[in-house]
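S.K.: The structure under discussion is supplied below as structure tokens; questions concerning it will follow.
There are 2 protein chains.
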Amino acid sequence: MDDKINLAEKLKAFSEHWSPRTVAQMNGHDVMVVKVKREFVWHKHDDTDDFFLVLNGRLDIELRDRTVTLGPGELFIVPKGVEHRPVAKEEVEILLIEPMGTPNTGDKKTAAPRKLA
Amino acid sequence: MDDKINLAEKLKAFSEHWSPRTVAQMNGHDVMVVKVKREFVWHKHDDTDDFFLVLNGRLDIELRDRTVTLGPGELFIVPKGVEHRPVAKEEVEILLIEPMGTPNTGDKKTAAPRKLA
């Protein structure tokens, strides 16, 4: 991982939804790309903020009191402890940053395994 | 800072070079946008990795043994302790992530003040 990362190339290499790929690591965090479509589960992370930067497409991040809609070049950080549910009507490509090993559902029992790109 | 961040809008709001603007914070890190042109100083950060994602333009990150050239959608993380010098022939717009308060030159005496966008 000591070379540059082209995000579009990393995204071209897989097609599964809701399966983040780690492309780099920084200060104990995984930098990941993910493709998502349809709705995820409601969840929260008690110990970490949750970084979303949309690269392509449109993502709704539902919060209990409102929805934040992100297009390309827009980012939102869900504060730790805040319940949220990502929803994508069409496929969306996202850059995610979370501490290494954070379960994507907020719960290790139901989380997708973290994979390398 | 609890709403979505449009990176292009944040970048439109200023024109200075080498003066990062904090647009969001995550797990003790500042998420920043910056415009750069020409060469910066050689420096290193002993305590933190240094995250660069190019949004527009082309950035050379000179290392002592090679140069990493980034275009839009390409990222590179300079590992902590590694000397580097960013160089941009033309203006480049970058997303940076560093722990809050990290001096951009690696030295508090010469660092640009951290500003909010």
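Read top to bottom, the protein sequences are chains A and B.
At position 51 of the first sequence (counting the first as 1) the number is 51 in my numbering, and the numbers step up by one without a gap.
Counting the second sequence from 1 gives a position; my numbering is that position plus 1000.
C-beta atoms are modelled at their ideal positions from N, C-alpha and C, and glycine is treated no differently.
Give the secondary structure of B:Glu1090 by DSSP, where H, G and I count as helix, E and B as strand, and everything else as coil.
M.R.: strand
S.K.: Note down, in chain order, every chain A residue with its Cβ under 8 Å from the Cβ of B:Ala1008.
M.R.: Contact of B:Ala1008 with chain A by beta-carbon distance below 8 Å involves Gly73.
S.K.: Are the Cβ atoms of A:His17 and A:Thr102 separated by less than 9 Å?
M.R.: No, they are not a contact pair.
S.K.: So is B:Val1031 buried or exposed if we call it buried at 16+ other beta carbons inside 10 Å?
M.R.: buried
S.K.: Hey, out of B:Glu1009, B:Arg1064 and B:His1029, whose CA is closest to B:Glu1098's CA?
M.R.: B:His1029
S.K.: Can you give me the start and stop residues for the beta strand (DSSP E) that A:Glu62 sits inside?
M.R.: Leu59 to Leu63
S.K.: Classify A:Glu39: buried if its beta carbon has 16 or more other beta carbons within 10 angstroms, exposed otherwise.
M.R.: Residue burial annotation: A:Glu39 is exposed, with fewer than 16 other C-beta atoms found within 10 angstroms of its C-beta.
S.K.: So A:Glu83 is in the beta strand (DSSP E); what residue range does that whole segment cover?
M.R.: Note, A:Glu83: premise wrong, no beta strand (DSSP E); not H, not E.
S.K.: Would you identify the three-state DSSP class for A:Ala13, choosing helix, strand or coil?
M.R.: In this structure, A:Ala13 counts as coil in the three-state DSSP scheme.
S.K.: A:Asp3 to A:Ala88, Cα distance in whole Å?
M.R.: Their backbone Cα atoms lie some 31 Å apart in a straight line.
S.K.: Please tell me whether B:Glu1091 and B:Lys1035 are closer than 9 Å, where the distance is taken between their beta carbons.
M.R.: yes
S.K.: 9 Å is my cut-off, CB to CB: does A:Thr48 come that close to chain C?
M.R.: In the structure shown, chain C cannot be found, because the protein chains are A and B.
S.K.: Can the beta-carbon of B:Ala1119 be found less than 9 Å from the beta-carbon of B:Phe1014?
M.R.: Any question about residue 1119 of chain B goes unanswered here, given that chain B covers just 1001 to 1117.
S.K.: Taking CB distances under 9 Å as the criterion, tell me whether B:Pro1099 reaches chain A.
M.R.: yes
S.K.: So A:Ala24 is in the beta strand (DSSP E); what residue range does that whole segment cover?
M.R.: Arg21 to Met26
S.K.: Among A:Asn56, A:Leu55, A:Asn6 and A:Thr67, whose alpha-carbon lies nearest the alpha-carbon of A:Pro86?
M.R.: A:Thr67
S.K.: Please name the residue in A:Val82, A:Val54, A:Leu55 and A:Pro20 whose C-alpha comes closest to that of A:Glu62.
M.R.: Nearest C-alpha to A:Glu62: A:Val82.
S.K.: Short of 8 Å in beta carbon distance, which residues of its chain neighbour B:Ile1077, apart from the five on each side in sequence? Order them along the chain.
M.R.: Asp1049, Asp1050, Phe1051 and Phe1052
S.K.: How would you label A:Pro113, buried or exposed, when you count the other beta carbons within 10 angstroms and need 16 or more for buried?
M.R.: exposed
S.K.: Spell out whether any CB of chain A is found under 9 Å from the CB atom of B:Thr1069.
M.R.: Under the Cβ criterion of 9 Å, B:Thr1069 is counted among the residues facing chain A.
S.K.: Please report the straight-line C-alpha distance between B:Pro1072 and B:Asn1056, rounded to a whole angstrom.
M.R.: 5 Å
S.K.: Suppose you measure from the CA of B:Met1026 to the CA of A:Gln25; what does that come to, to the nearest Å?
M.R.: 15 Å
S.K.: Mind checking the segment 3-27 of chain A against chain B and listing, in chain order, the residues whose C-beta falls within less than 8 Å of any C-beta there?
M.R.: Asp3, Lys4, Ile5, Asn6, Leu7, Ala8, Val23, Ala24, Gln25, Met26 and Asn27
S.K.: Could you tell me whether the Cβ of A:Ile94 comes closer than 9 Å to any Cβ of chain B?
M.R.: no
S.K.: Could you spell out where the beta strand (DSSP E) holding B:Met1032 opens and where it closes?
M.R.: His1029 to Glu1039
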